[in-house]
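Counting the sequence shown from 1 gives a position; our numbering is that position plus 76.
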Amino acid sequence: MSDYRLLIGGELVQGDATMAVLNPATEEVLALCPRASETQLNAAVAAAKAAFPAWAATPIGERRQLIGQMADVIEVHAPELARLLTSEQGKPLADATEEVLGMAAFFRYLASLDLPAKVIEDSSGRRVEAHRRPLGVVGAIIPWNYPLLILGFKLPPALLAGNTLVVKPAPTTPLSTLRIAELVAGILPPGVLNVIADANDLGDALTRHPDVRKISFTGSTSTGRKVMASAAQTLKRITLELGGNDAGIVLDDVDPKKVAPGIFEGAFQNSGQVCLAIKRLYVHEAVYDELCEELAALANSAVVDDGLKQGTKLGPLQNRMQYEKVKSFLEDARINGKIVAGGEAMDRPGYFIKPTIVRDIEEGSRLVDEEQFGPVLPLIRYSEPDDAIRRANASSYGLGASVWSSDPERAYQIANRIDAGTVWINKHIDMAPHIPFGGAKQSGIGVEFAEEGLAEFTQLQIINGAR
Ligand code: NAD
Numbered sequence: 077m078s079d080y081r082l083l084i085g086g087e088l089v090q091g092d093a094t095m096a097v098l099n100p101a102t103e104e105v106l107a108l109c110p111r112a113s114e115t116q117l118n119a120a121v122a123a124a125k126a127a128f129p130a131w132a133a134t135p136i137g138e139r140r141q142l143i144g145q146m147a148d149v150i151e152v153h154a155p156e157l158a159r160l161l162t163s164e165q166g167k168p169l170a171d172a173t174e175e176v177l178g179m180a181a182f183f184r185y186l187a188s189l190d191l192p193a194k195v196i197e198d199s200s201g202r203r204v205e206a207h208r209r210p211l212g213v214v215g216a217i218i219p220w221n222y223p224l225l226i227l228g229f230k231l232p233p234a235l236l237a238g239n240t241l242v243v244k245p246a247p248t249t250p251l252s253t254l255r256i257a258e259l260v261a262g263i264l265p266p267g268v269l270n271v272i273a274d275a276n277d278l279g280d281a282l283t284r285h286p287d288v289r290k291i292s293f294t295g296s297t298s299t300g301r302k303v304m305a306s307a308a309q310t311l312k313r314i315t316l317e318l319g320g321n322d323a324g325i326v327l328d329d330v331d332p333k334k335v336a337p338g339i340f341e342g343a344f345q346n347s348g349q350v351c352l353a354i355k356r357l358y359v360h361e362a363v364y365d366e367l368c369e370e371l372a373a374l375a376n377s378a379v380v381d382d383g384l385k386q387g388t389k390l391g392p393l394q395n396r397m398q399y400e401k402v403k404s405f406l407e408d409a410r411i412n413g414k415i416v417a418g419g420e421a422m423d424r425p426g427y428f429i430k431p432t433i434v435r436d437i438e439e440g441s442r443l444v445d446e447e448q449f450g451p452v453l454p455l456i457r458y459s460e461p462d463d464a465i466r467r468a469n470a471s472s473y474g475l476g477a478s479v480w481s482s483d484p485e486r487a488y489q490i491a492n493r494i495d496a497g498t499v500w501i502n503k504h505i506d507m508a509p510h511i512p513f514g515g516a517k518q519s520g521i522g523v524e525f526a527e528e529g530l531a532e533f534t535q536l537q538i539i540n541g542a543r
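Below, the structure is given as structure tokens:
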């Protein structure tokens, strides 16, 4: 058992209670984790509020340099952090290492951005300047699928812009975030960064808190709605990165053997627990049977095991609730489609589900209409591209999508007609800190990354002077 602490006002403190964090590969207790009370949450917000004026007045170059120092420390500790991440989240160690280093890369790139004032007009009549001011205290709420990468999306732009921060990781994956808080605690002035852990019971208080000026939230669409409602009380700024039901559209001109590995990766990365995973695949009838076979073969040969074991391709589902939910999707697949690979949980401790390919399934089934967020992919047959586009768009989600074709021009034309925040061509899930990312429809509000994402952590202020 390790000794984790909350970070409040520059102090590493015990929680008012504790809670057990499990290893999803074994279901054994990995560590006892501090659990913050509402009083501690309020203390974290108060510390962030008190630290705000001095941090906002600190030159941006200094803030950038301190964020860079945090990235240095994270990189030095990458092997330790990756093992901890695998142990609490479940993903294979190689992927966890990539996540930790990816997080540091996001720190560096996002902290390299700038917020220059712009002169909008300088004439004999007036001088008008546009400034980007910090907002104040920001609350960052993180889900359990990419605890560190998603922290890397939020922390650097929030702090670079001059805000102070209260971070709340997900209850089942708080440890790697708390460890990072411990590692970087001495770098920033007290109160600039606060990290609390909860048992899924403090999100509402944080989003409602009158001294919090913005919420940057990543999680499910249903919780996103609650965040929006709570934030409405004080008209907080919100960025919501929510769920998805990404469609892949495979055209009749592909070589199924060639596209299958990329599609498999796009659907089964992180055991399918990716907001942007391919969650339903529309396949032209000309290549349908062959692609089903290729994907089934990949599913049957993928090694599913403890992420700490070398060679593991898919780890367990992250928590029991998600495991039970994905099992209910398997039940739906059995009734409404034909399972050609996987189809069951593994008979061992841990939340393991075999990668599953389902064919001869359509809309009207839960597996096609809802977000499964697990290693189960439905393949839906179509014969007319217009019909595939219509069906891909017939969802309340609009996070990502992809088009697979040997003719890029054709693929671009289809991509232009898809209602999603990101559409890839001949790939799925390719993100970088300089490419803005956000969801259409009920997949989110606002964007993250790049200048556009940084701007969301600021208040635009116009100074308009008479001549
Ligand atoms: P979740 O919505 O259950 O939880 C996310 C976070 O919100 C957790 O930290 C949780 O403790 C907190 N929370 C719970 N109740 C709250 C409340 N009332 N107010 C404020 N916060 C509250 O999501 P999850 O199950 O952890 O994550 C899976 C979901 O997240 C999937 O739907 C997935 O698609 C989505 N997701 C989206 C993105 C994206 O960028 N769009 C990225 C990753 C995950």
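Virtual Cβ for every residue (Gly too), placed ideally from N, Cα, C.
Asked	Found
If you follow the beta strand (DSSP E) that residue 293 is in, where does it begin and where does it stop?	288 to 294
Name the two residues that bound the continuous alpha helix (DSSP H) containing residue 282.	279 to 284
From what residue to what residue does the beta strand (DSSP E) around residue 88 run?	87 to 89
Just to confirm, are residue 354 and residue 343 a CB contact at a threshold of 7 Å?	yes
Check whether the Cβ atoms of residue 211 and residue 535 lie closer than 7 Å to each other.	yes
Could you tell me which of 199, 317, 176 sits nearest to residue 162, measuring between CA atoms?	176
Please find out if some non-hydrogen atom of the ligand NAD comes closer than 6 Å to the beta-carbon of residue 302.	yes
By alpha-carbon positions, which one of 298, 297, 421, 242 ends up nearest to residue 287?	242
Whole-angstrom Cβ separation of residue 223 and residue 187, contact assumed at under 8 Å?	Residue 223 to residue 187, Cβ: 20 Å. No contact.
Taking 6 Å as the cut-off, is the C-beta of residue 343 nearer than that to any heavy atom in the ligand NAD?	no
Determine, using beta-carbon pairs with one atom in the region 292 to 303 and one in the region 130 to 150, whether at least three such pairs fall under 8 Å.	no
With a 10 Å radius around its C-beta and 16 neighbouring C-beta atoms as the bar for buried, classify residue 472 as buried or exposed.	exposed
Use the C-beta contact count for residue 198: other C-beta atoms within 10 angstroms, 16 or more gives buried, fewer gives exposed.	exposed
With a threshold of 6 Å on Cβ separation, who are the neighbours of residue 113 within its own chain once the five nearest residues in sequence on each side are excluded?	92
Taking the alpha helix (DSSP H) that residue 220 belongs to, which residues open and close that run?	First-last for residue 220: undefined, no H or E at that position.
Quick one, are the C-beta atoms of residue 180 and residue 216 less than 7 Å apart?	no
CB residue 393 to CB residue 360, shorter than 7 Å?	no
Can you tell me whether DSSP reads residue 524 as helix, strand or coil?	strand
So is residue 404 buried or exposed if we call it buried at 16+ other beta carbons inside 10 Å?	exposed
Is residue 525 buried or exposed, if buried means 16 or more other CB atoms sit within 10 Å of its CB?	buried
To the nearest angstrom, report how far apart residue 259 and residue 372 are at their CA atoms.	44 Å
Are there any heavy atoms of the ligand NAD lying less than 6 Å away from the beta-carbon of residue 318, as far as the coordinates show?	yes
Just checking residue 239 against the ligand NAD - is the residue's beta carbon closer than 6 Å to any of the ligand's heavy atoms?	no
Applying the 10 Å Cβ sphere with the 16-neighbour rule, what's the burial state of residue 285?	buried
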